[in-house]
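Chemist: Below: one structure in structure tokens.
Protein chains: 2
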Amino acid sequence: MMPVEKERRSSGRQDTGTLGKAVSVLELVALAESPLRFTDILAASGQPRGTLHRQLSHLVEEGLVDLRPDHRYEPGLRLLRFASNSWARNQFRSVAEPHLRALHEHTGETVHLGILRGREIIYLDKVESRQAVRMSSQIGNASPAYCTGVGKAALSVLSDERLKEIVSGIDFHRFTPSTIADARTLVEELQEVRSRGFAFDREEHEAGICCVAAPVFSADRSLVGGISTTGPAYRVTPEQLAGWAPLVGRTAAAIMEDMRARLGPQR
Amino acid sequence: MMPVEKERRSSGRQDTGTLGKAVSVLELVALAESPLRFTDILAASGQPRGTLHRQLSHLVEEGLVDLRPDHRYEPGLRLLRFASNSWARNQFRSVAEPHLRALHEHTGETVHLGILRGREIIYLDKVESRQAVRMSSQIGNASPAYCTGVGKAALSVLSDERLKEIVSGIDFHRFTPSTIADARTLVEELQEVRSRGFAFDREEHEAGICCVAAPVFSADRSLVGGISTTGPAYRVTPEQLAGWAPLVGRTAAAIMEDMRARLGPQR
DNA sequence: TGAGAAATTCCATTATGTGGAACTGTATTT
DNA sequence: AAATACAGTTCCACATAATGGAATTTCTCA
Numbered sequence: 002m003m004p005v006e007k008e009r010r011s012s013g014r015q016d017t018g019t020l021g022k023a024v025s026v027l028e029l030v031a032l033a034e035s036p037l038r039f040t041d042i043l044a045a046s047g048q049p050r051g052t053l054h055r056q057l058s059h060l061v062e063e064g065l066v067d068l069r070p071d072h073r074y075e076p077g078l079r080l081l082r083f084a085s086n087s088w089a090r091n092q093f094r095s096v097a098e099p100h101l102r103a104l105h106e107h108t109g110e111t112v113h114l115g116i117l118r119g120r121e122i123i124y125l126d127k128v129e130s131r132q133a134v135r136m137s138s139q140i141g142n143a144s145p146a147y148c149t150g151v152g153k154a155a156l157s158v159l160s161d162e163r164l165k166e167i168v169s170g171i172d173f174h175r176f177t178p179s180t181i182a183d184a185r186t187l188v189e190e191l192q193e194v195r196s197r198g199f200a201f202d203r204e205e206h207e208a209g210i211c212c213v214a215a216p217v218f219s220a221d222r223s224l225v226g227g228i229s230t231t232g233p234a235y236r237v238t239p240e241q242l243a244g245w246a247p248l249v250g251r252t253a254a255a256i257m258e259d260m261r262a263r264l265g266p267q268r
Numbered sequence: 002m003m004p005v006e007k008e009r010r011s012s013g014r015q016d017t018g019t020l021g022k023a024v025s026v027l028e029l030v031a032l033a034e035s036p037l038r039f040t041d042i043l044a045a046s047g048q049p050r051g052t053l054h055r056q057l058s059h060l061v062e063e064g065l066v067d068l069r070p071d072h073r074y075e076p077g078l079r080l081l082r083f084a085s086n087s088w089a090r091n092q093f094r095s096v097a098e099p100h101l102r103a104l105h106e107h108t109g110e111t112v113h114l115g116i117l118r119g120r121e122i123i124y125l126d127k128v129e130s131r132q133a134v135r136m137s138s139q140i141g142n143a144s145p146a147y148c149t150g151v152g153k154a155a156l157s158v159l160s161d162e163r164l165k166e167i168v169s170g171i172d173f174h175r176f177t178p179s180t181i182a183d184a185r186t187l188v189e190e191l192q193e194v195r196s197r198g199f200a201f202d203r204e205e206h207e208a209g210i211c212c213v214a215a216p217v218f219s220a221d222r223s224l225v226g227g228i229s230t231t232g233p234a235y236r237v238t239p240e241q242l243a244g245w246a247p248l249v250g251r252t253a254a255a256i257m258e259d260m261r262a263r264l265g266p267q268r
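Top to bottom, those sequences are chains A and B. First residue of the first sequence? That's 2 in the numbering used here, and the numbers climb one at a time after it. First residue of the second sequence? That's 2 in the numbering used here, and the numbers climb one at a time after it.
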């Protein structure tokens, strides 16, 4: 017998045993562009047939995944239920909400709230310039931190140690000609963001989209994120963005003030 | 040794093994009013210490649950990410959306889209009368089918067989004086809904809130739900509701028409 | 600073998940 | 209509990974 060494997962994933594998499968289904067939998941997951079949059965049984009559798997409604509560009760988000509205009133442009998770920014809230788009497609979406305004603002308040750890793991990708595409440039940029107190995104993630962002963080910096005002490049000039910066900064400060008041100073 | 018979879970839950237990714990955390301590979860879950601790560690590791510095567990951001995609890509919802808007334009009141899952209605979308409340606390929320307009509309299009199965499992609870509180009354009411084609909710779930709802379902009725127009009792008279009924019915028909066109007639 | 509560770690035991292979059902081709 | 290929499901000997009682560490607040 020679168990040698069980092939280690490429990403630095710890061992979360059976659950981890099931969640990988769930992720595959949840983030897929369209409902997947068993075979598709089989190929993508690298799991053996029998195992995958049981995993999916259990996920379906639990309502996390739905199996349609045409044998395609799609995310289940129970996910929505879980997320709905966590969103509604998220303290970060609920504290920030009125401030985001106010910021939107002043600027007339779209306002975002995002939070750093690993190397990604997850958008927690959004106030759109156009009318009611309830749970916008953006909420819950993730974007790389290194090329978004909110992301750079968030990164800028991390300790050098944590920052180094994160930056070293970034897989840079040029979304547009102005995307920052290497660690050195990013760190330099973040130095500037630190001294300025806010970050710009000049079409670094999406062509034609710019923003100003300011960091928001809990007292112990265990929660790090940011807010931003975003607009189309043709309408929002660099001067305009710079003009909004102080307001965005004050809004961020007000949110942190409120957080401290509500959550107590320990965090 | 006498393993006798492993205590069967009270609710008709199948065996989903390790995953099922982990999901129960996740649900506990996700649906809790506020972040829970380890001990709270321990008591609520009935799991042994060591086991629960590992389960939570794994959930945290996977990002489904967050452990705050004060040793309290709260739902993790990854849930949001999963749900965001499933919501945005949900075909039922996306087909219905423009129709919901139109219905809202005509009535001026809040419009809901809900889907039946077991004995509950899960709200998939909402167009509010007042200004932008993006992902309202309602979206993703669940309410009992038997006392909501959307729920009764959905139940009314089920086969007698499926209906019987569901009704027999309902745990009736009087939310208001007018809540239907027994199976017989419910079935009678559903007969009426069937012949009328739409359902009313006259303050049966929440005092002061009424609605008219019409069923929406896929061709094979594997997906069953409904749409409704809701308003406060003081403003929305029974006559007003009845007046809206045909419009709500036509909207539901239009949604089903679109679904058939987009998903093909098989479903 | 100490007592008590809460959280975390440990580890022998065994229940549970694993995965290769066989099987069944359903399209597609000749 | 028979043959072929492909997708989905079931099975079961085996080994891994979950279990849970108890010991240990860490927090909390008199």
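Glycine residues also receive a C-beta, built at the ideal position from the N, C-alpha and C atoms.
1. Going by beta-carbon coordinates alone, are V194(B) and K165(B) separated by less than 7 Å?
2. Tell me which residue opens and which closes the alpha helix (DSSP H) that V96(A) is part of.
3. Please say whether G209(B) and A234(B) have beta carbons closer to each other than 7 Å?
4. Counting only beta-carbon atoms, is I256(B) nearer than 7 Å to chain A?
5. According to DSSP, is S144(A) part of a helix, a strand, or is it coil?
6. Any beta carbon from chain A within less than 7 Å of H206(B)'s own beta carbon?
7. Quick check on P247(B) - is its C-beta less than 7 Å from some C-beta in chain A?
8. Check this for me: beta carbons of V225(B) and A155(B), under 7 Å apart or not?
9. Would you please verify whether the beta carbon of V24(A) is less than 7 Å from any beta carbon of chain B?
10. When DSSP builds the beta bridges, which residues end up paired with P247(A)?
11. Would you say L114(A) and L101(A) are within 7 Å of each other, going by their C-beta atoms?
12. According to the neighbour-count rule (16 or more other Cβ atoms, all chains shown, within 10 Å of its Cβ), is G227(B) buried or exposed?
13. For V26(B) and S58(B), which I take to be in contact (beta-carbon distance under 8 Å), what is that distance rounded to the nearest angstrom?
14. Answer yes or no: does any C-beta atom of chain B fall closer than 7 Å to that of S143(A)?
15. Under 9 Å, CB to CB, which of the residues in the stretch 155–183 of chain B have a partner in chain A?
16. Is the Cβ-Cβ distance between C211(B) and R203(B) less than 7 Å?
17. Just to confirm my understanding: we take L191(A), look at its own chain, exclude 5 residues before and 5 after, and list those with CB closer than 6 Å. What are they?
18. Closer than 7 Å, CB to CB, is D259(B) near chain A or not?
19. I want to see whether chain B comes within less than 7 Å of T108(A), judged by CB atoms only; does it?
20. Under 9 Å between beta-carbons, which chain B residues line up against A76(A)? List them in chain order, please.
21. Please compile the residues from chain B whose C-beta is within a distance smaller than 9 Å of the C-beta of S273(A).
22. Based on Cα-Cα distance, which residue from H206(A), E62(A) and N91(A) lies nearest to L32(B)?
23. Taking Cβ-Cβ distances shorter than 7 Å, what residues in chain B pair up with L242(A)?
24. For the alpha helix (DSSP H) containing F39(A), name the first residue and the last one.
25. In this structure, does DSSP put G51(B) in helix, strand or coil?
26. Report yes if the CB atom of L242(B) is closer than 7 Å to the CB atom of V213(B), and no otherwise.
27. Taking 7 Å as the threshold (C-beta atoms), are G150(A) and S85(A) in contact?
28. Can you list, in chain order, the residues of its chain with a C-beta nearer than 6 Å to that of V112(B)? Leave out the 5 residues immediately preceding and following it.
29. Against chain A, with Cβ distances strictly below 7 Å, would R251(B) count as a contact?
30. Assign R82(B) to one of three DSSP states: helix, strand, or coil.
31. Go ahead and pull the three-state DSSP assignment for P216(A).
32. Measuring only the C-alpha atoms, how far is T108(A) from D16(A)?
33. Is L78(B) closer than 7 Å to R123(A) when the C-beta atoms are compared?
34. Helix, strand or coil: which one does DSSP assign to L60(B)?
35. Confirm, please, whether the CB-CB distance from A143(B) to E121(B) is below 7 Å.
Modeler: Let's see:
1. No, Cβ-Cβ distance for V194(B) and K165(B) is not below 7 Å.
2. Taken as a continuous stretch (DSSP letters only), the alpha helix (DSSP H) holding V96(A) covers Q92 to T108.
3. A234(B) places its beta carbon less than 7 Å from that of G209(B).
4. Chain A contact via Cβ: absent.
5. In the structure shown, S144(A) adopts extended strand secondary structure according to DSSP, grouped into three states.
6. Taking Cβ atoms only, chain A never reaches closer than 7 Å to H206(B), which makes this a no.
7. No, P247(B) lies away from the interface with chain A (no Cβ there is under 7 Å from its Cβ).
8. A155(B) is positioned such that its CB atom lies closer than 7 Å to that of V225(B).
9. At least one chain B Cβ lies under 7 Å of V24(A).
10. DSSP, once it has assigned bridges, lists no residue as partnering P247(A).
11. Closer than 7 Å, so yes.
12. Buried: at least 16 other Cβ atoms inside 10 Å.
13. Not confirmed; about 11 Å, so no contact.
14. A small fix is needed here, since residue 143(A) is Ala in this sequence, not Ser. Judged by the 7 Å Cβ criterion, A143(A) is in contact with chain B.
15. So nothing in the stretch comes that close.
16. At a Cβ-Cβ threshold of 7 Å, C211(B) and R203(B) count as neighbours.
17. These residues qualify, in order along the chain: L156 and S157.
18. No - not a single Cβ of chain A is within 7 Å of the one on D259(B).
19. Chain B, which has no Cβ nearer than 7 Å to the Cβ of T108(A), makes this no.
20. Position check: residue 76(A) holds Pro in this sequence, whereas Ala was assumed. The contacting residues are F83, A84, N86, S87, W88, R90 and N91.
21. Absent from the structure is residue 273(A), since the part of chain A shown begins at 2 and ends at 268.
22. With respect to the C-alpha of L32(B), the residue from H206(A), E62(A) and N91(A) having the closest C-alpha is N91(A).
23. Result: empty, since nearest Cβ-Cβ is about 24 Å, beyond 7 Å.
24. First-last of the alpha helix (DSSP H) with F39(A): F39 to S46.
25. If DSSP states are grouped into helix, strand and coil, G51(B) belongs with the helices.
26. Their beta carbons are under 7 Å apart, which means L242(B) touches V213(B) by this criterion.
27. Cβ distance not < 7 Å, so S85(A) and G150(A) don't count as in contact.
28. Cβ within range, chain order: L101, L104, H105, V128 and T230.
29. With a threshold of 7 Å between beta carbons, R251(B) makes no contact with chain A.
30. R82(B) falls in the helix class under three-state DSSP.
31. Here P216(A) sits in strand by DSSP.
32. Rounded to whole angstroms, T108(A) to D16(A) spans 47 Å at the Cα level.
33. Checking the displayed sequence, the identity of residue 123(A) turns out to be Ile instead of Arg. Against a cut-off of 7 Å, the Cβ pair of L78(B) and I123(A) comes out as a contact.
34. Correct three-state label for L60(B): helix.
35. Result yes, Cβ atoms of E121(B) and A143(B) sit closer than 7 Å.
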